[in-house]
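Student:
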Amino acid sequence: MDGQYLPMSEARISVLDYGFLHSDATYDVVHVWKGAFFRLDAHIDRFLNGLDKLHMSIPYDTDQIAAILHNCVALSGLQNAYVEFICTRGTSPTFSRDPRDAVNRFIAFAIPFGSVANPDQMQRGLHAAISDVVRIPPPSVDPTIKNYHWLDLITGLYDAYNKGAETVILKDANGTLAEGPGFNLFTVKNGHVTTPEHGVLLGITRQTVFDLCALHQIPCTAAAVSEEALRTADEAFISSTAGGVMPLTRINGDPIGTGNIGPITQLLTEAYWNSHADASLRSVVSYPDP
Ligand code: PLP
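In terms of our numbering, the sequence shown opens at residue 63 and continues consecutively.
#1: Does Trp335 come out as helix, strand or coil in the three-state DSSP assignment?
#2: Closest to Gln279 by CA distance: which of His254, Ile75, Ala286 is it?
#3: Would you tell me roughly how many angstroms separate the C-alpha atoms of Ala143 and Val347, rounded to the nearest one?
#4: Determine, using beta carbons only, whether Thr327 and Glu289 come nearer to each other than 9 Å.
#5: Buried or exposed: where does Asn341 fall if 16 or more other Cβ atoms within 10 Å of its Cβ makes it buried?
#6: Whether or not the region 174-192 and the region 224-241 are in contact is what I'm after, with contact meaning three or more pairs of Cβ atoms, one per stretch, closer than 8 Å; do they touch?
#7: Can you round the beta-carbon distance between Ile313 and Leu329 to whole angstroms, since I take them to be within the 8 Å contact cut?
#8: State the DSSP-derived secondary structure class of Asn375, mapped to helix, strand or coil.
#9: Quick one, are the C-beta atoms of Leu131 and Thr88 less than 9 Å apart?
#10: Which residue spans inside the region 95-140 form an unbroken beta strand (DSSP E) run of at least 3?
#11: Looking at Ala179 and the ligand PLP, is the gap between the Cβ and the nearest heavy atom below 8 Å?
#12: Just the Cα atoms here: how many angstroms apart are Thr303 and Asp351?
#13: Got a sec? Which residues, its chain only, sit under 7 Å from Ala164 by beta carbon, not counting five neighbours each side?
#14: Near Asn224, what residues of its chain come up, given a Cβ to Cβ distance below 8 Å and the 5 sequence neighbours on each side ignored?
So this is what it looks like as structure tokens:
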């Protein structure tokens, strides 16, 4: 950050940064698996698109961002990493309230890889609850700009914990399902995979699921997904850079399908991790000699 590489414990921002004061920021998260970034270009493109929509600018182009992220991971020595890069509105030298006066700030960090689902949940599937908290509507905050407007997701998580669940799925203002804290949702019915079309972040993992479904000739579409469709699905899963394809086996306390991880979820989970060997999707990190 601010043009330097630091140990994580020394990375700090000003309390006056609008990223902190107003959630006025955009970010992206890419992972490194077995020493290589996965779909790095897609993550940087999404990030730059968010910057553009928010009228932010940084003094780095795609290649320079990629080089900074490579350096962060190389310096961390991590073979499996969770790599976040952020642009905050920054601070205004005059404390002006006009966002155009602020100097935007770029921050990137690499920490050990983390997953939405822990190993036990990967074995038996996550238990989710559908919350009455409505996901912030797209006309208010564009969900395709990756953002920190998470109070709906966090409120929903507490709602889910109160119901004995482990994670939450929020609905949109139309009452159809949207997404959860850090993941997209998928249902499987009669061999057909469906994911909510609107009001969600266009996840890079979601795109990978589309690609893998096409490869394996599994029909997959983006469309409205009702609460009823999830409750009566044969299988369900979620997708995120933090964990890949992860099974969902209970909703509001009831089993989804048989309550076990279904065959299409299983196939896509394996295909997702196998696709990490595809040279066209990898960007290999050069670590310094030990
Ligand atoms: N939806 C939200 C709100 C997210 O924050 C994320 C990622 O963290 C996702 C979906 C999944 O996106 P991706 O697959 O690009 O990680």
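We put the beta carbon where it would ideally sit given N, CA and C, even for glycine.
Just so you know, these numbers come straight off a predicted model, no measurement behind them.
Tutor: In short:
#1: Locating residue 335 in the sequence shown gives position 273, where the first residue counts as 1. DSSP places Trp335 in helix when its eight states are reduced to three.
#2: Numbered from 1 along the sequence shown, position 217 holds the residue referred to as residue 279. The shortest Cα separation from Gln279 among His254, Ile75, Ala286 belongs to His254.
#3: Taking the sequence shown and counting its residues from 1, the one referred to as residue 143 is at position 81. Taking the sequence shown and counting its residues from 1, the one referred to as residue 347 is at position 285. Distance between the alpha carbons of Ala143 and Val347 is about 11 Å.
#4: Walking along the sequence shown from the start, residue 327 turns up at place 265. Walking along the sequence shown from the start, residue 289 turns up at place 227. In this structure, Glu289 does not lie closer than 9 Å to Thr327 by Cβ.
#5: The count along the sequence shown starts at 1 and reaches residue 341 at position 279. Reading the sequence as shown, one finds Ala at residue 341 and not Asn. Ala341 is exposed by the Cβ-count criterion.
#6: By the Cβ rule, the region 224-241 counts as touching the region 174-192, because three or more pairs are nearer than 8 Å.
#7: Residue mapping note: residue 313 aligns to position 251 of the sequence shown, counting from 1. Residue mapping note: residue 329 aligns to position 267 of the sequence shown, counting from 1. About 21 Å separates the two Cβ atoms, so there is no contact after all.
#8: No answer is possible for residue 375: it lies beyond the span of the chain, which begins at 63 and ends at 352.
#9: Position 69 of the sequence shown holds residue 131. Position 26 of the sequence shown holds residue 88. Contact flag unset, no.
#10: Annotation: the region 95-140 contains the following complete segments of the beta strand (DSSP E) (minimum length 3 residues), in chain order: 98-100.
#11: To locate residue 179, count along the sequence shown from 1; it is residue 117. No, since every heavy atom of the ligand PLP falls outside the 8 Å radius drawn around the Cβ of Ala179.
#12: Position 241 of the sequence shown holds residue 303. Position 289 of the sequence shown holds residue 351. Just so you know, the alpha carbons of Thr303 and Asp351 end up roughly 28 Å apart.
#13: Working through the sequence shown from its first residue, we reach residue 164 at position 102. Cβ neighbours of Ala164 beyond the five flanking positions: Tyr80, Arg151, Gly152, Thr153, Ser154.
#14: Reading the sequence shown from its first residue, position 162 is the one you call residue 224. The beta carbon of Asn224 sits closer than 8 Å to none of the beta carbons in its chain outside the five residues before and after it.
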